[in-house]
Amino acid sequence: MKDPLEQILEGLGSGVIAIDTSGRISLLNPAAKTILGLQEGTNFLGQPISELLFDQSDLTNAVVDKVTVKDQEKTIVRPGGTRLPLRFSTQCLYDKNGELSGAVESFEDISRLQELSRQASRVNTLTALGEMAATVAHEIRNPLGGIGGFAGLLERDLEVDDPRRRLVKKIMEGVASLNRMVTNLLNYTRPLQLNLRPVDFVEVVEDCIGFFEIDAGNRLEEIKLQRDFVAKPLPCRTDPEQIQQIMLNLLHNAVQAMPQGGSLQVGVSETDTSETETTLLESPCVTLTVSDSGMGMSDNVKSKLFMPFFTTKEDGNGLGLATAKKVIDAHGGDILVESAPNEGAAFTIFLPK
Ligand code: ADP
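Written out as structure tokens, the structure reads:
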């Protein structure tokens with residue numbers, strides 16, 4: 000029989016590591032091994048803590064200077080290179096004589112919590128923004144209709160060769176462009192209706208590449224398109240038309256990001272989400288990746304990508320990725336982007352199977 004304290008430590012979801020005053024590990028529970036990504040079955044007891052790939056400054060501060068912390072956060076890098084946010088506390092340990100005998104650190108993985116709060120704040124911002132934009136769009140529509148109507152009357156009253164006709168035309172063009180924008184906005188804010196049905200995801204993606212090749216025409220001459228697909232079929236339940244619409248937008252964005260040409264990769268796979276940054280999805284997921292070798296983007300652009308009307312293009316409407324996010328959220332999926340300036344961009348869509 001193990002002693003009760005040992006049983007508690009083994010069953011605990013939080014990681015616990017203790018060291019003695021010489022910095023050697025005196026306790027390391029199973030959750031600590033899992034969270035830190037340490038090899039199962041290896042005995043770390045008696046080893047110097049410095050041998051673990053782990054930010055141990057707080058533990059050593061506790062044994063050296065008796066400085067302890069409570070409920071702090073830090074990010075660690077696991078052996079495979081993945082980063083993991085932790086909440087942790089440290090405490091000094093004393094022996095029966097009141098002498099310092101070591102220190103203990105307890106910690107928990109807060110990646111899921113952080114992801115939830117990131118999503119909640121994004122949803123809040125977008126909801127507020129969407130509501131405001133829809134109200135403004137409604138308010139604009141009526142006067143805009145009036146301006147367009149009166150400009151039409153004015154045009155009718157002017158002689159065919161009157162030079163002022165050119166000015167009236169400009170007004171009408173401006174009204175038409177504003178109308179398009181307002182209509183797009185109202186479409187974006189309208190509740191989304193999904194038509195979910197069982198499909199072969201590989202086929203959905205292949206069909207979309209077919210549409211894209213027709214659309215992109217001779218731009219494809221300077222772009223090397225590579226496919227990296229799992230073997231067919233990859234069954235899942237999705238709304239194929241909406242997913243193809245999103246994918247087309249990703250492909251067009253990729254092409255626009257490579258004005259001098261480059262390589263465009265489309266990947267389809269099945270993913271175990273526990274090994275990815277997206278921690279809110281149940282495994283397994285079907286994954287679609289569109290990556291390009293184009294101009295990439297700054298962190299600032301990356302943080303605004305999914306906001307409606309955010310665009311860096313002169314003729315962009317900034318609704319492509321915002322709509323993509325909305326459709327993917329409605330599927331219970333997620334979209335991630337990896338990019339840096341001049342290093343291309345990779346968009347990954349995760350959809351529950
Ligand atoms: P739009 O294409 O109309 O601008 P999107 O919502 O599709 O709207 O894209 C928003 C912005 O995201 C783009 O203006 C661009 O700055 C950035 N972006 C999207 N895809 C890429 C990409 N593959 N490479 C670099 N930047 C991109």
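Numbering (numbering that gives the first Met the number 0) for the sequence shown: 0 to 352. For every residue, glycine included, the Cβ atom is placed at its ideal position computed from N, Cα and C. The structure displayed is predicted, hence computed values, not measured ones.
Cβ distance (whole Å) where residue i is taken to contact residue j below 8 angstroms
i: F305; j: L320; result: 5 angstroms
i: S110; j: L83; result: 6 angstroms
i: A230; j: G293; result: Going by Cβ atoms, the distance from A230 to G293 rounds to 29 angstroms, so no, they are not a contact pair.
i: G101; j: S49; result: So it is not a contact: roughly 15 angstroms between Cβ atoms.
i: G79; j: G36; result: 6 angstroms
i: D54; j: K73; result: 6 angstroms
i: S88; j: D70; result: 6 angstroms
i: P197; j: L280; result: Actually they do not touch by this definition, with Cβ atoms about 19 angstroms apart.
i: I348; j: L250; result: Contact flag wrong, Cβ pair sits at about 12 angstroms.
i: L143; j: L177; result: 6 angstroms
i: L85; j: A17; result: Not a contact, Cβ separation roughly 16 angstroms.
i: G343; j: D271; result: In fact, because the Cβ distance is near 25 angstroms, the residues do not count as touching under 8 angstroms.
Assigned secondary structure, residue i (DSSP; H/G/I helix, E/B strand, else coil)
i: T322; result: helix
i: D70; result: coil
i: D333; result: strand
i: G266; result: strand
i: A17; result: strand
i: S290; result: strand
i: G36; result: coil
i: D271; result: coil
i: D2; result: coil
i: G12; result: coil
i: S338; result: strand
i: G295; result: coil
i: P234; result: strand
i: T310; result: coil
i: G261; result: strand
i: D227; result: strand
i: V135; result: helix
Heavy atom of the ligand ADP within 7 angstroms of residue i beta-carbon
i: D160; result: no
i: M294; result: yes
i: T124; result: no
i: N252; result: yes
i: F211; result: no
i: V198; result: no
i: D291; result: yes
i: G319; result: yes
i: V256; result: At residue 256 the sequence reads Ala, which differs from the Val that was named. Checking every heavy atom of the ligand ADP against the Cβ of A256, one is found closer than 7 angstroms.
i: A175; result: no
i: A344; result: yes
i: V265; result: no
i: T188; result: no
i: S312; result: Looking at the sequence shown, residue 312 is not Ser but Lys. For the ligand ADP, at least one heavy atom lies less than 7 angstroms from the Cβ of K312.
i: L224; result: no
i: V326; result: no
i: G260; result: no
i: N415; result: The chain is shown only over 0 to 352; residue 415 falls outside these bounds and no answer can be derived.
i: L304; result: yes
i: F309; result: yes
i: N183; result: no
i: V300; result: yes
i: N178; result: no
i: N316; result: yes
i: N405; result: Past the edges of the chain, shown from 0 to 352, lies residue 405, and the structure says nothing about it.
Residue i beta carbon near the ligand PLP (any heavy atom closer than 7 angstroms)
i: G129; result: With respect to the ligand PLP, the structure offers nothing, as its ligand set consists of the ligand ADP.
- At 3 residues or longer, and completely inside the segment 163 to 224: list those beta strand (DSSP E) runs for me, N to C. Taking 3 residues as the shortest admissible run, the segment 163 to 224 contains the following complete beta strand (DSSP E) segments, listed from N- to C-terminal end: 196 to 199.
- Task: Spell out a yes or no on whether the segment 189 to 207 and the segment 232 to 252 are touching, meaning 3 or more CB-CB pairs, one atom from each, closer than 8 angstroms.
- Result: For the pair of segments examined, the segment 189 to 207 was found to touch the segment 232 to 252: the number of CB pairs separated by less than 8 angstroms reaches three.
- Message: When you compare the segment 208 to 223 with the segment 248 to 267, are there three or more beta-carbon pairs, one atom per stretch, that lie closer than 8 angstroms?
- Response: Output reads yes: the segment 248 to 267 touches the segment 208 to 223.
- At what residue ranges does the segment 38 to 117 contain a whole run of the alpha helix (DSSP H), taking only runs of 4 or more? Entirely contained in the segment 38 to 117, the alpha helix (DSSP H) runs reaching 4 residues are, in chain order, 56 to 64.
- Task: Check whether the segment 125 to 137 touches the segment 167 to 187, counting contact only when three or more Cβ pairs, one atom from each stretch, lie closer than 8 angstroms.
- Result: In short, these stretches touch, since the Cβ pair count reaches three.
- Message: For the structure I just gave you, are there three or more beta carbon pairs, one from the segment 111 to 118 and one from the segment 309 to 318, closer than 8 angstroms?
- Response: Counting Cβ pairs under 8 angstroms, fewer than three are found: no touch.
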